[in-house]
Amino acid sequence: MGVPAGTPGRGCCAWLLLACLASSAAASRDADGWMYGRQGRALAGAAAARTGAATAAGDATVTAAVVAVQKPTGQPYEIGNITVQDVWVDPAAGRDTNTGASRGQALRTLRAALRRIPARRTLTAGYRIRIKRGRMTEQDMSGHLYFIGVRFELGGDHPLHCERCVNLLLRGVTVRGLCPGPYTECPVQEAAKLNQCTGVWVEDSARPVADIGWGWNAAFDCMVCQYGHLLNSRFHHGGWCAFVKGGSAHWLVAGNEVHHCDQSGLSAGQGTGFDYLVSPWIRYDSYDMYNNYIHDVEGAGLGVWGCYDCLLAHNTLVRVGRRSHTIEVTYGPRICTGDNVARCAAHHAAGGWGPPSPGGPDISIPNKHVLLLNNLVFNPPPYRSCLCGLKVW
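Those letters in the sequence shown? Residues -27 to -1, 1 to 366, per mature numbering (1 follows the signal peptide of the UniProt record, and there is no 0), in order.
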């Protein structure tokens, strides 16, 4: 039930996946593209069941669902090979009453295309949804997609926002906040915002490279997400270039270009509300970051904020730390936000690190087994870090 590895051509693609609730106010496509179905609407029921289970557990300790997710290996996400049947979509000129069997019979929406995939039975072949150039709104799309070569743009909030996605593939995507001025004054908070996801794979393709940027708070913000990678992609023009925040684990970040940010380049850990964490990841975080090129960052090029078994190796940092440090290893703050006080108490009773209720002091999450190996920092004169080269608390 996989799909051909690599991009089958130019333009944009999207792929059907289990339990991805990704949405965008507008996703524009640069050219004709492809989307491959896996098991059609049969998966939608499984997605709804998982979402409902998570909602029912809202006032207790949230435990991660058992899902088929691989650990990151540093290799692109493998999506297999299958035989497919084409369904055509034309957002500009299609009609949902058409058959979808050819360009001339193209449908208008992805929802209509997914209805062409047989439901409630095991398929013997896959379905490829071929998307012509056009523009789609959130209402035109269903929720179960791999995004390949798709461009997301928005002038506010988050151009790409995902909640509780599973096995979300973002290959060769462009996610851009539309800023009328400098990114520090941009109405977009984060270009890409992901919360409580399992299996997030952001990577390049032969053409184009994944490019995520322009948000006053961050270019890429991933909170309480387990298992994933950021590979051979670009993150830029944000308060923080890219961070995988507290409550996250088993991440690999390698081969990326990270540049032009205010607070930090790449960060492991950082502050998260205790009530948002998912068991069993209610203490430390864990990440590997290597072979990244980080440049023109006002704050620290690399940061570790409450991490266990973190490797930062063979990264190259150029013109970083003008107003702080080049690299910092410090505590990660954790609070109970008050959004779900019962969950804070449940996590605390289960041995999690965080306050049982709001209003008290922040809990400082320490670091353990952090390795900094063979990283190169080069600040050519007259550029220099403001405070010191390496900060460890």
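Just so it is clear, CB atoms sit at the ideal spot from N, CA and C, and this is done for glycine as well.
(1) Take every Cβ of the segment 275 to 290, pair it with every Cβ of the segment 248 to 255, and state whether three or more of those distances are shorter than 8 Å.
(2) Where does A79 land, buried or exposed, given buried means 16+ other C-beta within 10 angstroms?
(3) Below 8 Å on the Cβ atoms is my guess for M121 versus R103; work out the distance and round it to an integer in Å.
(4) As a quick exercise: from P306, A65, D69, V173, pick the residue whose alpha carbon is nearest that of H202.
(5) Near C361, what residues of its chain come up, given a Cβ to Cβ distance below 7 Å and the 5 sequence neighbours on each side ignored?
(6) Which partner residues does P45 have in the DSSP bridge list?
(7) The alpha helix (DSSP H) spanning L80 covers which residue range?
(8) Check whether the Cβ of G150 lies closer than 7 Å to any Cβ atom in chain D.
(9) In whole angstroms, give me the CA-to-CA distance for I336 and Y304.
(10) Taking buried to mean at least 16 other C-beta atoms within 10 Å of its own C-beta, is C170 buried or exposed?
(11) Determine the direct distance from the alpha carbon of K105 to that of G6, and round the result to whole angstroms.
(12) List in chain order: all unbroken beta strand (DSSP E) runs of 3+ residues lying wholly within the segment 135 to 161.
(13) Measure the C-alpha to C-alpha separation of Y200 and K44 and round it to an integer number of angstroms.
(14) Which whole-angstrom value is the C-beta distance of M109 and P64, which I expect to be below 8 Å?
(15) With a threshold of 16 other CB atoms inside 10 Å of the CB of F351, please say whether the residue is buried or exposed.
(16) Quick test of your reading: V270 and V302, contact by CB under 8 Å. State the CB separation rounded to the nearest angstrom.
(17) Does the segment 149 to 169 come close enough to the segment 204 to 211 that 3 or more CB-CB pairs lie under 8 Å?
(18) Measure the alpha-carbon distance for M196 versus Q243 and round it to whole angstroms.
Reading off the structure:
(1) Under the Cβ criterion (8 Å, minimum of three pairs), the segment 275 to 290 does not count as touching the segment 248 to 255.
(2) By 1-based counting over the sequence shown, the position of residue 79 is 106. Classification for A79: buried.
(3) Counting from 1 along the sequence shown, the entry for residue 121 is found at position 148. Counting from 1 along the sequence shown, the entry for residue 103 is found at position 130. Checking the sequence shown, residue 121 turns out to be Ile, not Met. Taking 8 Å as the upper bound for CB-CB distance, I121 and R103 are not in contact here, some 13 Å apart.
(4) Taking the first residue of the sequence shown as position 1, residue 202 is located at position 229. Minimum Cα distance to H202 is reached at V173.
(5) Locating residue 361 in the sequence shown gives position 388, counting from the first residue. So the list reads H298, once near-sequence residues are dropped.
(6) If you number the sequence shown from 1, residue 45 lands on position 72. Answer is none; P45 lacks a bridge partner.
(7) Here the question's residue 80 lines up with position 107 in the sequence shown. Neither: L80 is in no alpha helix (DSSP H) and is coded neither H nor E.
(8) Any reference to chain D falls outside this structure, which holds one protein chain only.
(9) Here residue 336 is taken as the residue at index 363 of the sequence shown, counted from 1. Here residue 304 is taken as the residue at index 331 of the sequence shown, counted from 1. Roughly 9 Å separates the two Cα atoms.
(10) Here residue 170 refers to the residue found at position 197 when the sequence shown is read from its first residue. Under this definition C170 is a buried residue.
(11) Taking the first residue of the sequence shown as position 1, residue 6 is located at position 33. Taking the first residue of the sequence shown as position 1, residue 105 is located at position 132. Note on G6: pLDDT 37, under 50, position unreliable in the model; the coordinate value appears next. About 6 Å.
(12) For the segment 135 to 161, whole beta strand (DSSP E) runs of length 3 or above, ordered along the chain, are 139 to 144, 147 to 150.
(13) Position 227 of the sequence shown, counted from the start, is the residue given in the question as residue 200. Position 71 of the sequence shown, counted from the start, is the residue given in the question as residue 44. About 6 Å.
(14) As a first step, residue 109 is located in the sequence shown; it is residue number 136 there, counting from the start. As a first step, residue 64 is located in the sequence shown; it is residue number 91 there, counting from the start. Rounded, the Cβ-Cβ distance is 5 Å, consistent with contact.
(15) Here the question's residue 351 lines up with position 378 in the sequence shown. Exposed: under 16 other Cβ atoms inside 10 Å.
(16) As a first step, residue 270 must be located in the sequence shown, where it is residue number 297. As a first step, residue 302 must be located in the sequence shown, where it is residue number 329. In this structure, V270 and V302 do not form a Cβ contact; the two beta carbons are roughly 16 Å apart against a cut-off of 8 Å.
(17) They touch, by the three-pair rule.
(18) In the sequence shown, residue 196 corresponds to position 223, counting from 1. In the sequence shown, residue 243 corresponds to position 270, counting from 1. In this structure, the alpha-carbon of M196 lies about 9 Å from that of Q243.
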